[in-house]
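Using this note's numbering, read the sequence shown as starting at 8 and increasing by one per residue.
Have a look at the structure below before the remarks.
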Amino acid sequence: MSDPTTVLFAVLDAFPHDQVSKDLTPTLWSLAQEGGWSREGGRAVLAASTYPNHATFITGAEPSEHRIFTNRAFHSGTLRPAQEVGPQSSTLFEECRAAGRKSLGVFGDQNLVGVCGAVQADDHWPPGGVLPDGAPRGELGYGADRAVVEAIDGMDRAEAQFVFIQLDEMDTVRHLRGPFGDAVLEQGRSTDAALGEIFERFRDRWKQTLVIVVSDHDQEAVDPGAVDLSAEVAARGLNVQVDQEGTSALVVGEVTEARLLDLSGVEGTSSLASGFHLVWGSPGQQFGVDWGLAAQHGSPRTTNQLAMVGGGHPGAQKIARQIESARPSALGWADQVRSLLSL
Numbered sequence: 008m009s010d011p012t013t014v015l016f017a018v019l020d021a022f023p024h025d026q027v028s029k030d031l032t033p034t035l036w037s038l039a040q041e042g043g044w045s046r047e048g049g050r051a052v053l054a055a056s057t058y059p060n061h062a063t064f065i066t067g068a069e070p071s072e073h074r075i076f077t078n079r080a081f082h083s084g085t086l087r088p089a090q091e092v093g094p095q096s097s098t099l100f101e102e103c104r105a106a107g108r109k110s111l112g113v114f115g116d117q118n119l120v121g122v123c124g125a126v127q128a129d130d131h132w133p134p135g136g137v138l139p140d141g142a143p144r145g146e147l148g149y150g151a152d153r154a155v156v157e158a159i160d161g162m163d164r165a166e167a168q169f170v171f172i173q174l175d176e177m178d179t180v181r182h183l184r185g186p187f188g189d190a191v192l193e194q195g196r197s198t199d200a201a202l203g204e205i206f207e208r209f210r211d212r213w214k215q216t217l218v219i220v221v222s223d224h225d226q227e228a229v230d231p232g233a234v235d236l237s238a239e240v241a242a243r244g245l246n247v248q249v250d251q252e253g254t255s256a257l258v259v260g261e262v263t264e265a266r267l268l269d270l271s272g273v274e275g276t277s278s279l280a281s282g283f284h285l286v287w288g289s290p291g292q293q294f295g296v297d298w299g300l301a302a303q304h305g306s307p308r309t310t311n312q313l314a315m316v317g318g319g320h321p322g323a324q325k326i327a328r329q330i331e332s333a334r335p336s337a338l339g340w341a342d343q344v345r346s347l348l349s350l
């Protein structure tokens, strides 16, 4: 009997899809040589933000199905924090449990425990989505990459067949320092090193392990100031709800595309589902509150994702050829995992 397959799914939050080289990111470079990567990058779902795309990674569903459209979810007619609601579609954690496959979830962004429904995993961290006192934190209060490595060391990894990991610090650095530059390059080295440490924890079963490494979104530089779209729709008398999401905003309600494009600061729209519209402005424009950040995301300009496959599992080569020949979508990864683990 062959040894069971392990799928290690790692999300490097906001990691630039084209920041991979032998010198800068030796872990990623080596992984790409084992399998392959999409040079033009993968494609995020809209809004191009952390929580909608993680919900898609763990379900394979569009936001119209899992109902996490931005960093909030639409539930019972209202927008609520996504981590309080979770995805409304079946997750890989649930499916692993039903099939008797051991699964683990480890997240730097503590809110992702709820967003991904990780309480259904055999073990998850941070417990209940709350960072323990003393856990290393990044500058914006999320778990540092070091915290994730230490959490993995504290877990029983034996016989785990699905391991979902998120490293958060690149997202923080790009928000605070800008989408490119020396700080981003240095964080790239650091995140790559943390990923290498994680890989070492699985070397004893590398021949049976297939590794998928993605990012959830890109980032773009933003200008000072922000358009208050909530105030704008109120002034126009529109009966809609607005959730302002960095360089995009979600408008919920019955409204025509023409009326949306007539709003101050809106230059583009996309229908995500009946009554759910994503809007965005010109490059550099933010919606909602100017938090003093150097970079943001949400608009279609930030949909590029890192997309890479490797590991010792023979299936890595097949998937690598697929993503090298056609740009992969965030929607496709969950079904790859289902196939590999016979879920």
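Ideal Cβ positions, reconstructed from N, Cα and C, are used throughout, including at glycine.
So R50 and S336 are in contact, right, with Cβ under 8 angstroms, and what is the actual spacing, rounded? Your numbering for residue 50 matches position 43 in the sequence shown. Your numbering for residue 336 matches position 329 in the sequence shown. Right, the Cβ-Cβ distance comes to about 5 angstroms (below 8 angstroms), so this counts as a contact.
If you run the structure through DSSP and keep just helix, strand and coil, what is T263? In the sequence shown, the residue the question calls residue 263 occupies position 256. If DSSP states are grouped into helix, strand and coil, T263 belongs with coil.
Can you confirm whether the segment 237-247 touches the segment 41-57 when touching is taken to mean that 3 or more C-beta pairs between the two stretches lie within less than 8 angstroms? no
Which residues in the same chain have their Cβ closer than 8 angstroms to the Cβ of E72, if we skip the five residues on either side of it in sequence? Here residue 72 corresponds to residue number 65 of the sequence shown, with the count starting at 1. If we look at E72 and ignore the five residues flanking it on each side, its Cβ neighbours are T66, Q95, S96.
Are L347 and G322 closer than 8 angstroms when you measure CB to CB? As a working note, residue 347 is residue 340 in the sequence shown. As a working note, residue 322 is residue 315 in the sequence shown. It is a contact, given that the beta carbons lie within the stated cut-off.
According to the neighbour-count rule (16 or more other Cβ atoms, all chains shown, within 10 Å of its Cβ), is R210 buried or exposed? Here residue 210 corresponds to residue number 203 of the sequence shown, with the count starting at 1. The residue is exposed, with fewer than 16 neighbouring Cβ atoms inside 10 Å.
Best match in F283, I219, R212, S278 for proximity to S246 [C-alpha to C-alpha]: Here residue 246 is taken as the residue at index 239 of the sequence shown, counted from 1. At residue 246 the sequence reads Asn, which differs from the Ser that was named. Closest option to N246, Cα to Cα, is F283.
Answer with buried or exposed for D10, where buried requires no fewer than 16 other C-beta atoms within 10 angstroms of its C-beta. Taking the first residue of the sequence shown as 1, we reach residue 10 at position 3. D10 is exposed by the Cβ-count criterion.
Keeping to the same chain, check which residues put their C-beta closer than 8 angstroms to that of G42; ignore five residues upstream and five downstream. Mapped onto the sequence shown, residue 42 falls at position 35. Excluding sequence neighbours, G42 sits near V218, M315, V316, G317, G318, A323, Q324, I326, A327.
What whole-angstrom Cβ distance do A302 and R212 have, given they're in contact under 8 angstroms? Against the sequence shown, residue 302 aligns to sequence position 295. Against the sequence shown, residue 212 aligns to sequence position 205. Going by Cβ atoms, the distance from A302 to R212 rounds to 38 angstroms, so no, they are not a contact pair.
Closer than 8 angstroms is the cut-off here; do at least three beta carbon pairs connect the segment 247-266 with the segment 188-197? Not touching, per the Cβ criterion.
S28: buried (16+ other C-beta within 10 angstroms of its C-beta) or exposed? Translated into the one-based positions of the sequence shown, residue 28 becomes position 21. The residue in question, S28, is exposed, as its Cβ has fewer than 16 Cβ neighbours within 10 Å.
Near P88, what residues of its chain come up, given a Cβ to Cβ distance below 7 angstroms and the 5 sequence neighbours on each side ignored? The residue given as residue 88 occupies position 81 in the sequence shown. The answer, listed in chain order, is R79.
Within this structure, are the beta carbons of A21 and T310 separated by less than 8 angstroms? Along the sequence shown, one-based indexing puts residue 21 at 14. Along the sequence shown, one-based indexing puts residue 310 at 303. Contact flag unset, no.
DSSP three-state call for V296: helix, strand or coil? The residue labelled residue 296 in the question sits at position 289 within the sequence shown. Reduced to three states, the DSSP call for V296 is coil.
Euclidean distance between Cα positions of P143 and L202: As a working mapping, residue 143 is identified with position 136 in the sequence shown. As a working mapping, residue 202 is identified with position 195 in the sequence shown. Cα-Cα distance, rounded: 16 angstroms.
Quick one: using the 10 Å Cβ neighbour count with 16 as the cut-off for buried, is P290 buried or exposed? If you number the sequence shown from 1, residue 290 lands on position 283. So P290 counts as exposed.
Flag this pair as yes or no: are the beta carbons of G93 and Y149 separated by less than 8 angstroms? As a working note, residue 93 is residue 86 in the sequence shown. As a working note, residue 149 is residue 142 in the sequence shown. At least 8 angstroms separates the beta-carbon of G93 from that of Y149.
Determine, using beta carbons only, whether G145 and E176 come nearer to each other than 8 angstroms. For the purposes of this step, residue 145 is taken as residue 138 along the sequence shown, with counting starting at 1. For the purposes of this step, residue 176 is taken as residue 169 along the sequence shown, with counting starting at 1. Yes, these two residues count as a Cβ contact at 8 angstroms.
For the putative contact between L111 and V170, defined by C-beta atoms under 8 angstroms, what is the C-beta separation to the nearest angstrom? Taking the sequence shown and counting its residues from 1, the one referred to as residue 111 is at position 104. Taking the sequence shown and counting its residues from 1, the one referred to as residue 170 is at position 163. Indeed, because the Cβ distance is near 5 angstroms, the residues count as touching under 8 angstroms.
Just checking my contact of V234 with G272 at CB under 8 angstroms: how many whole Å lie between their CB atoms? On the sequence shown, position 227 is the one that residue 234 refers to. On the sequence shown, position 265 is the one that residue 272 refers to. Indeed, because the Cβ distance is near 4 angstroms, the residues count as touching under 8 angstroms.
When you compare each of D130, L147, P186, G188 to D160 by their alpha carbons, which one comes out closest? As a first step, residue 160 must be located in the sequence shown, where it is residue number 153. Here the closest residue by C-alpha is D130.
By Cβ distance, which residues of its chain are closer than 7 angstroms to E264, with the 5 residues on each side in sequence left out? Within the sequence shown, numbered from 1, the residue matching residue 264 stands at position 257. Leaving aside the five residues that flank E264 on each side, the residues in its chain whose CB is nearer than 7 angstroms to its CB run, in chain order, T276.
Check whether the Cβ atoms of R108 and Q127 sit closer than 8 angstroms, and answer yes or no. Working through the sequence shown from its first residue, we reach residue 108 at position 101. Working through the sequence shown from its first residue, we reach residue 127 at position 120. Not a contact, by the Cβ cut-off of 8 angstroms.
Which stretch, first to last residue, makes up the alpha helix (DSSP H) that contains Q324? Taking the sequence shown and counting its residues from 1, the one referred to as residue 324 is at position 317. Run containing Q324: 322-332, per the alpha helix (DSSP H) assignment.
Close Cβ partners of R153 (< 8 angstroms) along its chain, the five nearest in sequence each way excluded: Numbered from its first residue, the sequence shown carries residue 153 at position 146. Within the same chain, R153 has close Cβ partners P143, A201.
Contacting residues, own chain, Cβ-Cβ under 7 angstroms from P231 (five flanking each side not counted): The residue given as residue 231 occupies position 224 in the sequence shown. Only D297 meet the Cβ criterion.
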